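One structure below.
In the working numbering, the protein residues as written are 50 to 540.
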């Protein structure tokens with residue numbers, strides 16, 4: 050992952066009307082800020098992340114982002130080109146990995162750093178207002194260069210590469226604060242008299258043990274559970290009125306079984322909060338129906354709606370270790386690991402089996418929409434089962450889905466874009482990661498055959514087809530599954 054800075058290079062007229070842009074060059078929509086993306090060219094993976102970030106700005110945020118790789122259509126004087134970008138851009142996005150802070154390497158990155166330092170030296174006060182340190186997923190504010198005073202000035206932490214994750218940055222770019230100062234009213238001196246009496250009321254305390262918290266005991270229905278730290282996740286609804294939590298836990302008392310808990314805490318009664326709680330109730334109904342039971346599906350244990358809405362399903366246990374079965378995430382290749390084709394073949398066959406479970410969900414009009422390695426549990430026999438039903442019972446929301454395996458249509462405004470084809474994309478992205486060691490880029494993935502030579506050509510073709518941005522061109526889930534049934538040595 051990376052770190053980014055946005056340098057606002059407004060001219061004097063634009064400074065007086067912060068957040069209002071005009072486009073002087075072709076290639077951007079009227080009123081869109083033009084931005085230049087500067088980054089250290091240190092690895093193909095880093096370049097892929099930069100392109101994905103810039104693509105998100107152009108396609109979803111409507112910002113006229115410029116990256117050097119999109120301009121490499123002919124031989125250029127890149128020094129002159131970089132100077133021209135610094136001169137004419139409304140914004141300069143400096144995408145930095147740890148290598149960006151080192152200038153000894155020379156080249157275009159050092160030139161762009163010197164141009165940036167020159168802007169800071171000319172007018173530090175103005176430059177401080179124009180330079181926005183932005184921390185992308187997986188990075189730390191400690192990686193902001195000292196010259197940008199990352200701990201003393203504002204910085205913008207992006208949790209995910211989607212519009213929700215960019216919200217604070219986009220507000221700064223457009224000069225649209227989340228909280229606007231109200232107008233100053235007339236001064237009203239206090240009326241002489243008795244001092245007012247203030248009565249403070251504390252909010253009603255949450256009953257101990259009712260919320261999912263790592264390392265604590267939680268009471269759900271008639272049972273108590275010890276919540277595990279590994280796999281715990283918490284996320285607020287868009288309006289902040291409810292909190293979604295999920296965690297693995299161990300039941301305290303016989304039969305001491307492992308469970309998967311998904312909980313919604315409603316803090317304020319809003320439409321978004323109620324929809325989140327209702328989604329868990331619908332998932333319970335789906336799992337309790339005859340079509341929701343069977344091999345590969347989560348095993349329903351119960352639903353509690355007394356204080357919060359909590360869904361309980363069984364987490365498979367390993368007879369070999371006596372502990373919880375691992376998710377598929379455990380089997381993802383490490384960085385720079387040589388991928389074993391024998392293991393890839395076994396995992397692909399397991400994924401093909403899980404596709405049959407997902408196909409049954411499709412037959413009933415319920416695409417999963419959150420298929421990532423952490424959602425696939427590997428049993429002792431090598432087969433895979435679903436941890437939960439993902440978003441099958443949840444209404445579409447733009448930016449939904451796992452960040453590294455999100456289908457392109459999950460970032461679009463139209464709610465009708467997701468469907469069974471979304472699951473095909475996500476499973477193909479997982480297969481791509483297993484085979485190559487890296488997840489695919491969202492908009493322009495390198496063909497899987499260009500990253501590994503261990504897959505049969507037919508398998509490579511179906512994975513590439515499943516990763517196309519056009520859902521209509523993707524294979525259906527059963528066709529995709531059939532292609533994954535291969536053995537090493539097959540070509």
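Where a beta carbon is used, it is the ideal one built from N, C-alpha and C, also for glycine. Predicted model, so just to flag it, every value in this text is computed and none were measured.
Measuring only the C-alpha atoms, how far is residue i from residue j?
i, j, result
"residue 535", "residue 470", "22 Å"
"residue 170", "residue 162", "12 Å"
"residue 182", "residue 224", "16 Å"
"residue 438", "residue 458", "19 Å"
"residue 287", "residue 208", "14 Å"
"residue 185", "residue 468", "29 Å"
"residue 53", "residue 365", "Because the pLDDT at residue 53 is just 46, under 50, the model does not fix this residue reliably, and the value given afterwards should be weighed accordingly. Whole-angstrom Cα-Cα distance: 41 Å."
"residue 493", "residue 101", "8 Å"
"residue 120", "residue 149", "21 Å"
"residue 465", "residue 210", "22 Å"
"residue 381", "residue 485", "10 Å"
"residue 258", "residue 308", "17 Å"
"residue 341", "residue 362", "12 Å"
"residue 136", "residue 174", "19 Å"
"residue 500", "residue 93", "11 Å"
"residue 177", "residue 441", "46 Å"
"residue 132", "residue 141", "12 Å"
Could you round the C-beta distance between residue i and residue j to whole angstroms and report it? I think they count as a contact, below 8 Å.
i, j, result
"residue 146", "residue 95", "6 Å"
"residue 551", "residue 139", "The displayed coordinates of the chain run from 50 to 540. Any statement about residue 551 would go beyond what the structure contains."
"residue 320", "residue 291", "Going by Cβ atoms, the distance from residue 320 to residue 291 rounds to 10 Å, so no, they are not a contact pair."
"residue 520", "residue 511", "That belief does not hold up - the Cβ atoms of residue 520 and residue 511 are roughly 15 Å apart, past 8 Å."
"residue 399", "residue 433", "5 Å"
"residue 473", "residue 515", "5 Å"
"residue 425", "residue 354", "At roughly 28 Å, the Cβ-Cβ gap does not stay under 8 Å, so residue 425 and residue 354 are not in contact."
Using 10 angstroms around the beta-carbon of residue i, count the other beta-carbons present and answer buried if the total reaches 16, otherwise exposed.
i, result
"residue 229", "exposed"
"residue 305", "exposed"
"residue 450", "buried"
"residue 522", "exposed"
"residue 279", "exposed"
"residue 73", "Only weak support exists for where residue 73 lies, its pLDDT of 39 falling under 50; the value from the coordinates is given anyway. Under this definition residue 73 is an exposed residue."
"residue 226", "exposed"
"residue 334", "exposed"
"residue 482", "buried"
"residue 413", "exposed"
"residue 368", "exposed"
"residue 271", "exposed"
Using only CA atoms, which one of the options lies nearest to residue i?
i, options, result
"residue 289", "348, 427, 267 and 325", "325"
"residue 573", "507, 419 and 358", "A question about residue 573 goes unanswered here, because the residues of the chain that appear run from 50 up to 540."
"residue 260", "380, 359, 501 and 395", "359"
"residue 314", "284, 130 and 300", "284"
"residue 344", "473, 123, 427 and 302", "427"
"residue 390", "505, 125 and 121", "505"
"residue 460", "91, 98, 86 and 109", "109"
"residue 203", "221, 216 and 212", "221"
"residue 529", "410, 415 and 404", "404"
"residue 370", "267, 497, 429 and 301", "429"
"residue 282", "272, 273 and 293", "293"
"residue 548", "297, 117 and 342", "There is no way to answer for residue 548, as the model of the chain reaches only from 50 to 540."
"residue 356", "518, 373, 268 and 192", "268"
What are the uninterrupted segments assigned as beta strand (DSSP E) that are 3 or more residues long and contained completely in the stretch 358-399, given in chain order?
-> 358-363
Alpha helix (DSSP H) runs contained entirely in the stretch 293-348, provided each spans 4 or more residues | 320-337
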